[in-house]
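*Asks:* Chains as they are written, first to last, in our numbering: chain D, 31 to 398; chain X, 309 to 712.
(1) Run down chain D in chain order and give the residues with a C-beta less than 7 Å from the C-beta of residue 707 (chain X).
(2) I'd like to know whether the C-beta atoms of residue 634 (chain X) and residue 705 (chain X) end up nearer to each other than 8 Å.
(3) Report the residue from D:143, D:355, D:243 whose alpha carbon sits nearest the alpha carbon of residue 131 (chain D).
(4) CB-CB under 7 Å to residue 170 (chain D), same chain, minus the five flanking residues each way: which ones, in chain order?
(5) Considering residue 364 (chain D), what are the terminal residues of the beta strand (DSSP E) in which it resides?
(6) Measure the beta-carbon distance from residue 225 (chain D) to residue 362 (chain D) and round it to whole angstroms, keeping in mind my assumption that it falls under 8 Å.
(7) Less than 8 Å between CB atoms is the rule here; does residue 313 (chain X) satisfy it with respect to chain D?
(8) Helix, strand or coil for residue 511 (chain X), going by three-state DSSP, please let me know.
(9) Taking residue 31 (chain D) as the query, report the chain X residues whose CB atoms sit under 9 Å from its CB, ordered along the chain.
(10) Going along chain X, which residues have a C-beta under 7 Å from residue 282 (chain D)?
(11) Mark residue 553 (chain X) as exposed unless 16 or more other C-beta atoms lie within 10 angstroms of its C-beta, in which case mark it buried.
(12) Which full runs of the alpha helix (DSSP H) of 4+ residues lie inside the region 239 to 326 of chain D, going along the chain?
(13) For the alpha helix (DSSP H) that residue 392 (chain D) lies in, which residues bound it at each end?
(14) Nearest chain D C-beta to residue 581 (chain X) closer than 8 Å, yes or no?
(15) Using a Cβ-Cβ distance cut-off of 8 Å, determine whether residue 203 (chain D) contacts chain X.
(16) Could you have a look at residue 551 (chain X) and say whether DSSP puts it in helix, strand or coil?
(17) Three or more beta-carbon pairs under 8 Å between the region 360 to 378 of chain D and the region 274 to 288 of chain D, yes or no?
(18) State the DSSP-derived secondary structure class of residue 447 (chain X), mapped to helix, strand or coil.
(19) Would residue 47 (chain D) count as contacting chain X if we go by Cβ distances under 8 Å?
(20) Taking the alpha carbon of residue 79 (chain D) as the reference point, which residue from D:45, D:266, D:285 has its own alpha carbon closest?
(21) Where does residue 169 (chain D) fall in DSSP's three states?
(22) 8 Å is my cut-off, CB to CB: does residue 635 (chain X) come that close to chain D?
(23) Consider the Cβ of residue 317 (chain D): report whether some Cβ of chain X lies at a distance smaller than 8 Å.
(24) Here's the rule I'm using: 16 or more other beta-carbon atoms within 10 Å means buried, otherwise exposed. How should residue 270 (chain D) be labelled?
(25) Should residue 74 (chain D) and residue 146 (chain D) be called a contact, given that it needs their Cβ atoms to be closer than 8 Å?
(26) In angstroms, rounded to a whole number, what distance separates the CA positions of residue 207 (chain D) and residue 120 (chain D)?
(27) Please decide whether residue 711 (chain X) counts as near chain D, where near means a Cβ-Cβ distance under 8 Å.
(28) Excluding the 5 residues preceding and the 5 following residue 514 (chain X) in the sequence, name in chain order all residues of the same chain whose CB lies nearer than 6 Å to its CB.
(29) Any idea what DSSP makes of residue 474 (chain X), helix, strand or coil?
(30) Within 10 angstroms of the Cβ of residue 714 (chain X), are there 16 or more other Cβ atoms? Answer buried if so, exposed if not.
(31) Quick check on DSSP: helix, strand or coil for residue 520 (chain X)?
(32) Out of X:499, X:677, X:354, state which residue places its alpha-carbon closest to the alpha-carbon of residue 657 (chain X).
(33) On a CA-only basis, which of X:547, X:497, X:475, X:457 is nearest residue 692 (chain X)? Give me that one, please.
(34) Pull up the distance between the alpha-carbon of residue 324 (chain D) and that of residue 625 (chain X), whole angstroms please.
(35) Do the region 355 to 363 of chain X and the region 581 to 598 of chain X touch if we need at least three Cβ pairs shorter than 8 Å?
(36) Just the Cα atoms here: how many angstroms apart are residue 526 (chain X) and residue 669 (chain X)?
What follows is the structure, given as structure tokens:
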């Protein structure tokens, strides 16, 4: 049993914080509230300092395959509300290719991503409750796949060179990397102003070589993708809720009413303590999922538990923070509101708490 | 940035290591042998829920002889000096069996006496505790001193060759079959509350000792105990005079962690799950096929996972000799409140059957679930009430101002 971080992991956290404190100033975040929320210079800075290689094997220019390290990156991006949406790129594309591809052209993409090139995924579909069973279809015609369907909530698709798409076919589930020029995308406006796109495929023809995994491994690869996506989104949620809890502590320790700081009222401090408890639980279930996924490609229950806690913690801590801040919580000149919107995004994307409870319940009971 | 650290030692591991897993397996096998059918039958008798019966005494002596008492004691005091993680595994395994192992006597009072007791106490009391021959009741709370324990008023007045003790204690569990009371008494009436308290070994066969039973919601008997002009020799004082508070608080973290050990609730979850999977509600379906039942199980599962990780992490922090006050309080609050939630969710699954107490066919797990929910409520205020724990979390974890 060992929970402690190695020294290099604490160093990643500290040095990332140094960069992000400088880069994610309130003034700069304000600019991104009303423009396309993708901070190109920050991405380059993270790339040139090696942070996009966290969780990536040394042979692709990374710092070693360790999902906990990658979790630190997302936690800190969440904590600083960084104007970057990188789960699709660093997790869905890079990590899935790293684990499942034997094709050099695809593997070379990992190095490009580590260097700052954008690729993304389009996995989720409107109203599809079972993302491992895509409604998007690929008809197989010799060496060609003809893909039709609609995906949404694809991150920064307008900047991506290629898009990883999950499809169903006569050969089962496939993950296909499609050149973004071949696909029609349209920008969606979402609650946290994240750069998000609808991806529509109308008989798009791609070569078989675009499949990133070996024959028959598509479902396994997609399941892995969905699980690490859940865990890394839960790390984003951890950073977001950690920041909100810190804001609660500092604000209620300064704000005075009735001649004393409101944090000295037990009703206030106990609500803050409950946020701390949720945060600790989320931190631990995330850690378990990340560490177990390092050595086992299928840890669905661990991933579900972390996303369930992420959903609940995001909801509870967000509204506690709003409440305890009073009017300050909704004032756009203060920072909290931005985190509350991010929390809702973390809560709902790739499975809400209730949906994942349903899923977990199916997994842990014997199916007859 | 390139990471150089290739050392595998110290790498994160969020599960039992092979040595710990082996210990757990050994203990499981051992308890299967010690906990006989006769003992199980005795423990189902409400008078012996908490131990004290002949089979219980026999089992304690067996465990003493086999070296399974004194886990936390230093080796030079005759103990096993197990690491915190090994102790946690022991507590988990024994609690899963339902055997009411007297941890407070063996792992809290025992090592304190062995370390700080007089020569008599070390030879006569500590060794017998190690052999499984003695049980202590804990005399801390009083009618007017609960959460504010340091305000206790039971007094021990110094006499020529000993102390004269007078007072009353509340919630003295196990007193009805214990040999001694581990008693906190005031010895300095001028000093600040917690600086005037000393610890004594008080024999329950003294004519000045008496008790009345307090019957509780969970059918666990506890007692009000009375101390009427009891004289004890100097050798019954443990530790320095007026230094008792540090003894009371020294093992609090391990005790709190033992209170919220994830073993029993995980065991209950597994057993109710097995039951629900085999309970037919019609020709095609079992109880566990219903979607709301699956949801309840999933809620419990997600909650147990968090509890397990909180406890493991706390224990592994202790392994490295550190203490984290906020996280110890997180464990206490989360665990005690989760138990209540978990029992509710599991009882909902079995529905009205969960109410049955005596029908061995229909009642749930021989009415174990029914009884466990009735005993759960004491944990949110016992062992340091959750309000105080939340105060600690806000202060130590969030650096917020002291609540008044």
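Beta carbons: idealized from backbone N, C-alpha and C, even for Gly. None of these values were measured; they are calculated from a predicted model.
*Replies:* The relevant details are as follows:
(1) 279
(2) yes
(3) D:243
(4) 199, 200, 201
(5) Taken as a continuous stretch (DSSP letters only), residue 364 (chain D) belongs to no beta strand (DSSP E), as it is neither H nor E.
(6) Contact doesn't hold; Cβ gap of about 20 Å is too wide.
(7) At residue 313 (chain X) the pLDDT is 41, less than 50, meaning the model places this residue with poor confidence and gives no usable figure here.
(8) strand
(9) 321, 322, 323, 324, 325, 328, 393, 620, 621, 623, 624, 627
(10) 708
(11) buried
(12) 248 to 282, 296 to 325
(13) 383 to 394
(14) yes
(15) no
(16) coil
(17) yes
(18) strand
(19) no
(20) D:45
(21) strand
(22) yes
(23) yes
(24) buried
(25) yes
(26) 14 Å
(27) yes
(28) 538
(29) strand
(30) Residue coverage of chain X in this structure runs from 309 to 712, which leaves residue 714 (chain X) outside it and unanswerable.
(31) strand
(32) X:677
(33) X:457
(34) 23 Å
(35) no
(36) 22 Å
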